[in-house]
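S.K.: If you read the protein sequences in the order shown, they are chains A and B. The first sequence begins at 1 in this note's numbering and counts up one residue at a time. The second sequence begins at 196 in this note's numbering and counts up one residue at a time. Yeah, the Cβ is synthetic: ideal placement off N, Cα and C, and Gly gets one too. Pasting in a structure now, in structure tokens, and then I'll have a few things to ask.
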Amino acid sequence: MTTSMSTHTTPSGYLLPSIHSMPPFFTQQPNPATQATVTENWTRLILSYARHRRLFYLRVEDAETKGSEWDEVLRNERINRRLMPSHMSFIMADMVSKNLAVYEPPRQTRTVLLHWRLPEEWAEVLHEWASSTAQLNTILTFYEIIEPPVPSPLSGIPATLLRRAVAILTKTNRAQVIAVADGEGVRFLPGNPAR
Amino acid sequence: MGNGPSAPKITKQDRAILDLKLQRDKVRQYQKKIQEVLNREHDIAKQQLAAGNKDRALLTLRKRKYQEGLLAKTDAQLENLDKLVSTIEFSLIEVSVLHGLQQGNEVLKQIHKEMNVEAVEKLLEETAEAREYQREIDEMLSNTLSVEEEEAVQSELQALRDEVLAPEDASRRAQELPSVPATAPAAPEQEQEPEPERPTEREERERVPVAA
């Protein structure tokens, strides 16, 4: 069986690790220690694939039906295996417990927002982008950050994640939220690096 | 911590800019929506035509035309909003430039206050006085030397000069030597003999390399 294990490059250009072509990897293991390894590998795979494709959400539904953007990872037609929804729920719960994902919206367990960058890291990326594009001291709308006219490292970031990152920056005086009747905006300030 | 003291105050202008930008975002979103509708209606018209419903297709296309008109109108509005935002932001920069100029002017005034003409004149006068004083001191010092000391200084200078100029004198003496002999009559003959030889030797030396 080990001889059939090999890496595989998907149509989207992602290099799947050799463990992905090992059938037991897709099955929930009865032994907790073995399952811990499996979960750890799935977590790493999911986060790295999400970063590759800039995917922010993972849903149990993605494991239930074919045709989602996660097919390349959650299914392996070459060995006729797929990740079962119950197994994926288990992995998602583990990721949430390790702050590598959060249930979004809260109070449900079907969808998670993936933290392939922690909110703290997003805060740094955000501030770096603002200063490198000379937008410090300028008032920006959230929409403008999420859907900028020119693609940026923040294009398509979920609003909740953006809000969390902005909140982290406000704590260190590197951002200021401005609210008016119609909505909210943010102003990034030069500030001194955190702490 | 929250908003520390270093966070700038939110002014009315800030709110106005934000309001404008939010409006601009709304127009952009609206445009996106219309674009979606346009694409969809194009598909619908195609389907209707394929199904043989010419009237329906025509209706859809009319609707589509109307939406296109809307899109063009919003483009103009978006341009207006963008222009206004740019103008406000530019005016803010102008204000800060003016502020900078004002401050620079203040500093320059302050510096001029410290550097008025009388002070400069006084300073120059004092400098001239100081220079005069220094000259007096120099004179006094040179006058304090006694006659013997002055002689000693002079002889030291002579000794130094001898030392420096000695080699020159020696060479001069060596040049003078040839002119001295005049009493020995045999000397001219001896001198005449070697002189003709030298040219021939030189000619031979020159010829040898040519012949080889």
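#1: Hey, how far is the Cα of Glu184/A from the Cα of Gln218/B?
#2: Based on Cα-Cα distance, which residue from Ala179/A, Phe142/A and Ala50/A lies nearest to Lys221/B?
#3: Under 8 Å Cβ to Cβ from Met196/B, same chain only, skipping five residues before and after it: list those, please.
#4: Please tell me whether Leu189/A and Ala202/B are closer than 8 Å, where the distance is taken between their beta carbons.
#5: Looking at chain B, is there any beta carbon in it that lies within less than 8 Å of the beta carbon of Ile168/A?
#6: Once you ignore the five residues that flank Met1/A on each side, which residues in its own chain have a CB closer than 6 Å to its CB?
#7: Using a Cβ-Cβ cut-off of less than 7 Å, give me the residues of the segment 175-188 of chain A that come near chain B, in sequence order.
#8: Return yes when the Cβ of Arg59/A is within less than 8 Å of the Cβ of Arg117/A, no when it is not.
#9: Ordered along the chain, which non-local residues of its own chain (more than five positions away) have a Cβ less than 6 Å from that of Pro23/A?
#10: In three-state terms, what does DSSP make of Ser191/A?
#11: Short check: CB of Ser21/A to CB of Asn76/A, under 8 Å?
#12: Below 8 Å, how does it come out for the segment 272-288 of chain B and the segment 114-131 of chain A: are there three or more Cβ pairs, yes or no?
#13: Counting Cβ pairs, one atom from each stretch, are 3 or more of them under 8 Å apart for the segment 239-257 of chain B and the segment 206-214 of chain B?
#14: Closer than 8 Å, CB to CB, is Tyr143/A near chain B or not?
#15: Let me see if you follow: with CB-CB separation under 8 Å, is Ile229/A close to chain B or not?
#16: Check this for me: beta carbons of Met84/A and Ala63/A, under 8 Å apart or not?
#17: Quick check: Leu113/A and Pro153/A, are their CB atoms within less than 8 Å of each other?
#18: To the nearest angstrom, how far is it from the Cα of Gln108/A to the Cα of Leu293/B?
#19: Going by C-alpha distance, which of Ser337/B, Arg223/B and Arg259/B is nearest Arg235/B?
#20: What are the residues that DSSP puts in a beta bridge with Glu184/A?
#21: When you compare only the Cα positions, how much space is there between Asn99/A and Ala93/A?
#22: Which class does Ala347/B belong to by DSSP, given the choice of helix, strand or coil?
#23: So if DSSP puts Ser8/A in a beta bridge, which residue, or which two residues, is it bridged to?
#24: Could you tell me which uninterrupted alpha helix (DSSP H) segments, each at least 4 residues in length, are contained entirely in the segment 40-75 of chain A, listed from first to last along the chain?
#25: Is the Cβ of Asn41/A closer than 8 Å to any Cβ of chain B?
#26: State the DSSP-derived secondary structure class of Arg82/A, mapped to helix, strand or coil.
#27: My guess is that Lys204/B and Ile139/A are in contact by the Cβ rule of under 8 Å, so how many angstroms apart are they, rounded?
#28: What first and last residue would you give for the alpha helix (DSSP H) that runs through Leu269/B?
#29: DSSP three-state call for Thr138/A: helix, strand or coil?
#30: Give a yes or no on whether the C-beta atoms belonging to Leu16/A and Thr27/A are separated by under 8 Å.
#31: So Arg164/A and Pro119/A are supposed to be a Cβ contact under 8 Å. How far apart are they, rounded?
#32: Going by beta carbon distance, what residues of the same chain come within less than 8 Å of Thr269/B, once the five residues before and after it are set aside?
#33: Is it true that the CB of Tyr14/A sits closer than 8 Å to the CB of Tyr49/A?
#34: Given that a residue counts as buried once 16 or more other Cβ atoms are within 10 Å of its Cβ, and exposed if not, what is Ile145/A?
#35: Give every residue of the same chain whose Cβ lies closer than 6 Å to the Cβ of Gln176/A, excluding the five residues on either side of it in the sequence, and list them in chain order.
#36: Going by the CB atoms, is the gap between Gln272/B and Leu233/B shorter than 8 Å?
M.R.: To lay it out plainly:
#1: 12 Å
#2: Phe142/A
#3: Unreliable positioning characterises Met196/B in this predicted model, as indicated by a pLDDT of 45, which lies under 50. The coordinate reading is nonetheless provided below. Within the same chain, Met196/B has no close Cβ partners at all.
#4: yes
#5: no
#6: Residue placement at Met1/A is poorly supported in this model, since its pLDDT is 44, which falls under 50; the coordinates still yield a value, given next. Contacts found: none.
#7: Gln176, Ile178, Val180, Asp182, Gly183 and Gly185
#8: no
#9: Ile79 and Arg81
#10: At residue 191/A the sequence reads Gly, which differs from the Ser that was named. Correct three-state label for Gly191/A: coil.
#11: yes
#12: no
#13: no
#14: yes
#15: Any answer about residue 229/A is impossible in this case: the structure gives chain A only from 1 up to 195.
#16: yes
#17: no
#18: 56 Å
#19: Arg259/B
#20: Ala179/A
#21: 10 Å
#22: helix
#23: Correcting the residue identity first, residue 8/A is His in this sequence and not Ser. For His8/A, which the question treats as bridged, DSSP gives the partners Leu16/A.
#24: 60-64 and 71-74
#25: no
#26: strand
#27: At roughly 13 Å, the Cβ-Cβ gap does not stay under 8 Å, so Lys204/B and Ile139/A are not in contact.
#28: First, the residue type needs correcting, since residue 269/B is Thr and not Leu in the sequence shown. Taken as a continuous stretch (DSSP letters only), the alpha helix (DSSP H) holding Thr269/B covers Lys249 to Glu309.
#29: coil
#30: no
#31: 4 Å
#32: Val222, Tyr225, Gln226 and Ile229
#33: yes
#34: buried
#35: Arg187
#36: no
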